[in-house]
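Below is one structure, written out as structure tokens; the observations come after it.
Number of protein chains: 2
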Amino acid sequence: MSVLEDLAMAVGPKHVLAGEAAKDDYHHDESLTVPAVCPLAVVLPGSTEELSGVLAAASRHRVAVTARGSGTGMSGACTPVDGGIVVSFERMSRIIEIDQANHVAVVQAGVQLDQLDSALAPLGLMYPVYPGEYSASLGGNVATNAGGMRAVRYGVTRHQVVGIRCGGKVAKLSSGYDLTQLIAGSEGTLALVTLAYLRLYPRPAFNATLLAPFSTLEAVAAAVPTVVGSGIGPSILEYVDMLTMAAMTAHSGIDLGVADEIRSTALAYLVVGLEARSETRLEEDAEAMAELLAKAGAMEVYVLPPGSAVQLIEAREKAFWVAKANGADDVLDVVVPRAAIPAFMAAVAEVASSTGSLLPGCGHAGDGNVHLAVFQPDPETRHEVERRVFEAGLTLGGAISGEHGIGRAKRDLFLELEDPAKVELMRRLKAAFDPLGILNPGVTL
Amino acid sequence: MSVLEDLAMAVGPKHVLAGEAAKDDYHHDESLTVPAVCPLAVVLPGSTEELSGVLAAASRHRVAVTARGSGTGMSGACTPVDGGIVVSFERMSRIIEIDQANHVAVVQAGVQLDQLDSALAPLGLMYPVYPGEYSASLGGNVATNAGGMRAVRYGVTRHQVVGIRCGGKVAKLSSGYDLTQLIAGSEGTLALVTLAYLRLYPRPAFNATLLAPFSTLEAVAAAVPTVVGSGIGPSILEYVDMLTMAAMTAHSGIDLGVADEIRSTALAYLVVGLEARSETRLEEDAEAMAELLAKAGAMEVYVLPPGSAVQLIEAREKAFWVAKANGADDVLDVVVPRAAIPAFMAAVAEVASSTGSLLPGCGHAGDGNVHLAVFQPDPETRHEVERRVFEAGLTLGGAISGEHGIGRAKRDLFLELEDPAKVELMRRLKAAFDPLGILNPGVTL
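So the sequence lines, in the order shown, correspond to chains B and Z. Using this note's numbering, you'd call the opening residue of the first sequence number 2 and step up by one each time. Using this note's numbering, you'd call the opening residue of the second sequence number 2 and step up by one each time.
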């Protein structure tokens, strides 16, 4: 039996898309550097049982398997292997349960963030991970350990996933190895996630957004530990540099009410989100935060009206698209200890000037997660730029990626820069899960 | 060269304790059921380099290696193997760094919780995991993924460990498999933890403790989801059943001011800890919580004076010792989804009555983590009791242990009740780390 026939046996012929039917969308994700690849077929399982059949067929034929959610990833982890198959979860997109008593949602891998949010909002609950793209799937978020702006308060996907078949609705467990945590962030190289148990939180009733321009990026970065240490517990703590802010506001047409003389001299901004259970507390917190930011050297502190606040957060979430529209050649998301942001940014400035590149950025300052757009059209120079930026992050005790993952995009530099003993151990772990090496070969390892 | 000579080469002869020098304390932990074993030797490395030498020697001689912190574990995970060695971390007990800007402590494995707390308190910081025994070591806490009362707000050890050599001071990362999370909770079977990077938090300025008696255990359990869902965010949420409360107060001589007519009819208590940044907020929260508890059916709500509150929390932390002093034969810590506590406790009552056992308890209600003392002297009947209690927990979507770990104490029942496919995968993962099988054989797997 041919591979395609075998796959058709597992999921039914109309759920195996080959040739023309395996549309362009399935050939890539949002990475700016990983080339699109047309797979042998796109397979759409409707259940875990059907997926088991697909994996059995792939094992028999030694065909590479790449899992795909909504394709909103940034590192090519769902870009297919030539001759391999894509497993797409669009038929497994059911919210199985929202368990209000245990604050747990049980979702199939193909459920999208906006779909889950629509179901949670009427119940006064929320799932706190917003990686900037609401059409992202939960399966993809688990596979890449997605982050986003609210991680400074709630943590990243890893902190919300309490189970994926293994695990479950329990708040904690110490019963054998934590396979859930090992699989989270493994980018489809160890297992395919079909079902996730996710922690839910009470939806905060009141929100405010503060915007604080600073005269230098160093001043912004220096303010961050003070904000985190204050105990006020911001839900968002983002920095945006001048270039990125200008591009963002121009692209979305927001007027944030920042006075001209400040806008022309501010080199960076801090965006601080606050949330509270009562209006009084929110006001108190906003006042305390404004005072603290002023003391930390903000040129001014604006409490944004709700409309502009929403626009600014949306614009920040779309910063990647602005960078892309402006012709960025790549996007990085190095993470460093948050107090090391100034040192890291100094290193980045040095790399930019010495290579004639432009590296504007913004990022999750509270997490030390710096997003840089790379404007450097020459591939060799760009490789050099990225290697030096990654090295600077690693030297400061950081890592190559805080939330985008390694995928195919950063695999070479990951293998070049990572401790070889750790890479060897990772390979042994992969072999324990995937002895045939058919799960997303060429991703991460 | 003999094993002992080889070990002496690695750490110096005076740091290899054999025969009489390997004192009784090294033969066991606090498990009530795992028999003490005298090891071939106790080895005290002074650095990671020395430990590497120890492991190389153990590999050459195929000698089992058991890591030991303070020996406060509850499942025999640091009880030696006959003929094996114990690696004890008392010479590696230095706080390397308290990084205030990044809210991270870097500690050697032998650092004790009370030692870390003394260093943090003057800085207005805290490490939030208190597994009831302040002499516990951080290395041991990481190895067992220790929990404790504050997990309902802050999470367990797993949520605080951002690195153990691998990883580091970063708030998140998505760069390869998360080895830190795999090793956390692996009870010394995959690797020895020498150094941990731990998240720190602002030390809350104001605390209050509420005590609410309920007429039934079911009523207590039913109140828990309401408390968690309120958004007030308690830092402690414990239930204590009547028998345990009576034993605890008698043992520590506290007078909680509970009226006689209530004490004689209350079958269970909820203990709620609150913390806040200001006195006003604490008072508001305490009032809101008291109202909520009253609505949920509390017979009365007491806001404890600071002295009694401290005594009660300490008594709760010592509940294990009270059970032991009263002759308990074992202690379990099953975890279930928190809304399933009533169903679980009903099953426990059924097991108790049908086997003529006494199973009083208390536990981390907010986490669904139920601690049961087992009074059943007959080993065979006790095995049956524990099997049925574990099965009840697993059927409700829970796990055998929420924080004590599997160790040697619950290994047989773990292997009997756990999914064989998961056990097989765990064995392959262990082989990837420990191909010779010398790391804590007989623990967990």
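All residues carry an ideal CB built from backbone N, CA and C; glycine is no exception.
- In the three-state DSSP reduction, Z:R61 falls in the helix class (H, G or I).
- In this model, B:P14 and Z:G399 are separated by some 39 Å (Cα to Cα).
- In the structure shown, B:F90 adopts coil according to DSSP, grouped into three states.
- Taking 8 Å as the upper bound on Cβ-Cβ separation, chain Z lies near residues G156, V157, R159, H160, C167, G169, K170, V171, A172, K173, L174, S175, S176, G177, Y178 and D179 of the region 156–179 of chain B.
- For secondary structure counted as the beta strand (DSSP E) over 3 or more consecutive residues, the region 299–351 of chain B holds these complete runs in sequence order: 331–336.
- CA-CA distance, B:D256 to B:D242, rounds to 17 Å.
- Identification of chain B residues near Z:N146 by a Cβ-Cβ cut-off of 7 Å yields S175, ordered along the chain.
- Contact between Z:I401 and B:S253 fails: their C-beta atoms lie close to 52 Å from each other, not under 8 Å.
- Taken in chain order, the unbroken stretches of alpha helix (DSSP H) that lie wholly in the region 229–277 of chain Z and span 4 residues or more are 243–253 and 261–264.
- With a cutoff of 8 Å on beta-carbon distance, Z:R278 and Z:P205 are scored as near each other.
- If you look at B:H160, you'll find it in the alpha helix (DSSP H) that goes T158 to Q161.
- Z:F415 reaches chain B at S176 and G177, counting residues in chain order whose Cβ is nearer than 9 Å.
- Under the 8 Å criterion on CB atoms, B:P132 is classed as non-interfacial with respect to chain Z.
- In this structure, B:S136 lies away from B:G408, with their beta-carbon atoms at least 8 Å apart.
- Z:L174 and Z:T181 have their C-alpha atoms spaced approximately 11 Å apart.
- Each residue's CA atom was taken as its position, placing B:V311 and B:H104 some 27 Å apart.
- Per the C-alpha coordinates, the member of Z:L117, Z:F90 and Z:A42 positioned closest to Z:D7 is Z:A42.
- In the DSSP assignment, Z:F215 falls outside any alpha helix (DSSP H) and within the unbroken beta strand (DSSP E) covering F207 to F215.
- Chain Z places no beta carbon closer than 8 Å to that of B:V143, leaving this residue out of the contacts.
- Cβ contact annotation for B:V35 (same chain, cutoff 6 Å, sequence separation greater than five): G77, T80, R409 and A410, in chain order.
- Interface residue (Cβ-Cβ distance to chain Z less than 8 Å): B:S32 is not classified as such.
- Among the residues of chain Z, those whose CB is under 7 Å from the CB of B:A400 are V171, L174 and S176, following chain order.
- Taking B:A209 as reference, the option from B:Q116, B:S309 and B:P361 with the minimal CA-CA separation is B:S309.
- Where Z:V371 is concerned, the enclosing beta strand (DSSP E) starts and stops at N370 to V375.
- Taking the Cα positions, Z:M127 is about 11 Å away from Z:D115.
- Across the set B:L446, B:D435 and B:H405, the C-alpha of B:L446 shows the shortest separation from the C-alpha of B:D420.
- In this structure, the beta-carbon distance from Z:A224 to Z:L294 falls below 8 Å.
- Per DSSP, B:Y128 lies in no beta strand (DSSP E) and is assigned neither H nor E.
- A Cβ of chain Z is located within less than 8 Å of the beta carbon of B:K423.
- Contact annotation: Z:A147 and Z:V162 have beta-carbon atoms that are not nearer than 8 Å.
- Rounded to the nearest angstrom, the gap between the Cα atoms of B:G230 and Z:T195 is 28 Å.
- When secondary structure is reduced to three states using DSSP, B:V171 falls in the coil class, being assigned neither helix nor strand.
- DSSP, read as helix, strand or coil, puts B:H365 in strand.
- In the three-state reduction of the DSSP assignment, B:I165 falls in the strand class, which pools E and B.
- Cβ atoms of B:V55 and B:D83 stay farther apart than 8 Å, at about 19 Å.
- Taken in chain order, the complete beta strand (DSSP E) segments of 3 or more residues contained in the region 10–68 of chain Z are 42–44.
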